[in-house]
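Notes to accompany the following structure.
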Amino acid sequence: MTVSIISTTEDKPAELNSRLVLFDMDRTLLDVTKYHRQNFLMVLKRLYGVNELPAAETSGIPAMEVLWRFAKNAGVGESLFQSRVQEAEPLLVENLLAILPQDLSSCVLPGAEALLRNLNEEKIPLGLITGTLRSAAVAILQRSGLLGYFPLTVFGDGFNRREQIVKKALEKAGWVYGLSDGQFQLFTVGDAPSDIQAGKAFQACTIGVATGILSCEELLLHEPDHVFNDLRDTETLMRVIRET
16 MTVSIISTTE DKPAELNSRL VLFDMDRTLL DVTKYHRQNF LMVLKRLYGV
66 NELPAAETSG IPAMEVLWRF AKNAGVGESL FQSRVQEAEP LLVENLLAIL
116 PQDLSSCVLP GAEALLRNLN EEKIPLGLIT GTLRSAAVAI LQRSGLLGYF
166 PLTVFGDGFN RREQIVKKAL EKAGWVYGLS DGQFQLFTVG DAPSDIQAGK
216 AFQACTIGVA TGILSCEELL LHEPDHVFND LRDTETLMRV IRET
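Counted from 1, the sequence shown has number 258 at position 243 by the numbering used here; the numbering is strictly sequential.
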């Protein structure tokens with residue numbers, strides 16, 4: 016099933032002559048959630064004595080903010096957390112690289128590579144935006160076979176909000192693709208409300224995919240421009256990107 020809703024934003028200027036499509040990584044293009052969760056617990060246990068990963072809202076959130084949310088919900092105070100936070104970032108990368116399988120091709124979600132291939136063939140500029148730390152994210156993309164689709168990448172290092180990552184991607188689009196601000200139609204594709212909200216902050220056409228925690232119906236509550244069950248409907252997705 017494909018669910019699309021009419022955009023509530025004004026029509027984009029007719030002079031826009033290009034597109035930029037920014038994809039979320041985790042649970043949008045691929046799913047390595049079990050390795051991320053294992054990794055966060057290992058770091059929390061080593062640094063703060065946390066033995067069980069608590070519930071926390073983490074979808075679309077940069078990695079160090081995710082670690083803080085888990086720590087806080089496990090009862091770790093801010094002063095204790097900050098006292099060892101400098102150790103946490105390298106540990107998150109080191110541990111994840113150790114536990115990730117060398118071949119992550121089976122973790123790529125249905126339709127993801129076909130869509131990327133079609134966009135690439137039509138020379139539509141692509142970007143990868145993720146809260147995962149750079150060294151870990153590059154390894155994930157390499158091992159899944161997706162890295163080559165993304166000349167433009169922005170990772171979670173140094174950020175605590177999704178909007179900051181999108182802003183950085185737009186800055187990089189100028190020198191990666193020669194795209195000037197206001198001269199292209201921006202699209203964001205992601206599975207989380209934070210993906211939708213961050214896209215809206217930059218007047219993007221927001222595409223939600225129900226490949227994460229939320230269903231299509233739940234994503235619709237956050238008013239994206241379009242919602243899909245997953246990325247398998249290549250034809251419709253391509254039409255949305257071409258014609259918006």
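Note that CB positions come from ideal geometry on N, CA and C, so glycine has one too.
Minimum C-alpha distance to residue i - residue among the options
i, options, result
"Ile144", "Arg52, Ser33 and Thr168", "Thr168"
"His241", "Thr226, Ser209, Val204 and Ile228", "Val204"
"Leu45", "Gln200, Ala225 and Leu59", "Ala225"
"Leu37", "Glu93, Pro166 and Phe243", "Pro166"
"Cys122", "Gly160, Ser98, Thr147 and Leu131", "Gly160"
"Arg99", "Ala78, Asp172, Glu109 and Val58", "Val58"
"Leu246", "Asn133, Glu102 and Ile180", "Asn133"
"Val255", "Thr48, Lys182, Leu148 and Leu201", "Leu201"
"Glu109", "Phe96, Arg149 and Met253", "Arg149"
"Gln218", "Thr259, Glu102 and Thr48", "Thr259"
Beta-carbon separation (whole angstroms), residue i vs residue j, contact threshold 8 Å
i, j, result
"Ala86", "Tyr63", "6 Å"
"Gly126", "Ala207", "Incorrect: roughly 18 Å between the Cβ atoms, too far for contact."
"Glu72", "Arg61", "Not really, about 24 Å apart at Cβ, beyond 8 Å."
"Gly227", "Thr221", "Gly227 to Thr221, Cβ: 14 Å. No contact."
Three-way DSSP call (helix, strand, coil) for residue i in this model
i, result
"Ile155", "helix"
"Ile114", "helix"
"Leu162", "helix"
"His241", "strand"
"Phe55", "helix"
"Ile211", "helix"
"Leu185", "helix"
"Phe96", "helix"
"Gln200", "strand"
"Val91", "coil"
"Phe299", "In the structure as shown, the chain starts at 16 and stops at 259, and residue 299 therefore has no counterpart that could be examined."
"Phe174", "coil"
"Thr168", "strand"
Rounded straight-line distance, which links the Cα of residue j to that of residue i
i, j, result
"Leu249", "Gln117", "One point to set straight first is that residue 249 is Thr, not Leu, in the sequence displayed. Taking the straight line from one Cα to the other gives about 28 Å."
"Thr251", "Arg42", "20 Å"
"Ala113", "Asp196", "40 Å"
"Glu67", "Ala89", "8 Å"
"Glu178", "Ala216", "7 Å"
"Gly163", "Asn135", "10 Å"
"Glu93", "Glu104", "16 Å"
"Ala70", "Ser120", "28 Å"
"Gly146", "Phe170", "6 Å"
"Gln212", "Leu82", "21 Å"
"Phe199", "Leu95", "45 Å"
"Arg158", "Leu115", "9 Å"
"Met79", "Asp39", "17 Å"
"Ala184", "Val91", "33 Å"
"Glu238", "Asn244", "15 Å"
Residue i Cβ short of 7 Å to the ligand GDP heavy atom set
i, result
"Glu102", "By its list of ligands, the structure shown contains no ligand whatsoever, and the ligand GDP lies outside what it can speak to."
Inter-stretch contact (C-beta, 8 Å, three-pair minimum) for the region 187-198 and the region 154-163: no
Segment contact, 8 Å Cβ cut-off, at least three pairs: the region 132-140 with the region 32-42: With a cut-off of 8 Å, the region 32-42 and the region 132-140 count as touching, because enough Cβ pairs lie within range.
Stretch pair the region 53-70 + the region 216-236: three plus CB contacts closer than 8 Å: no
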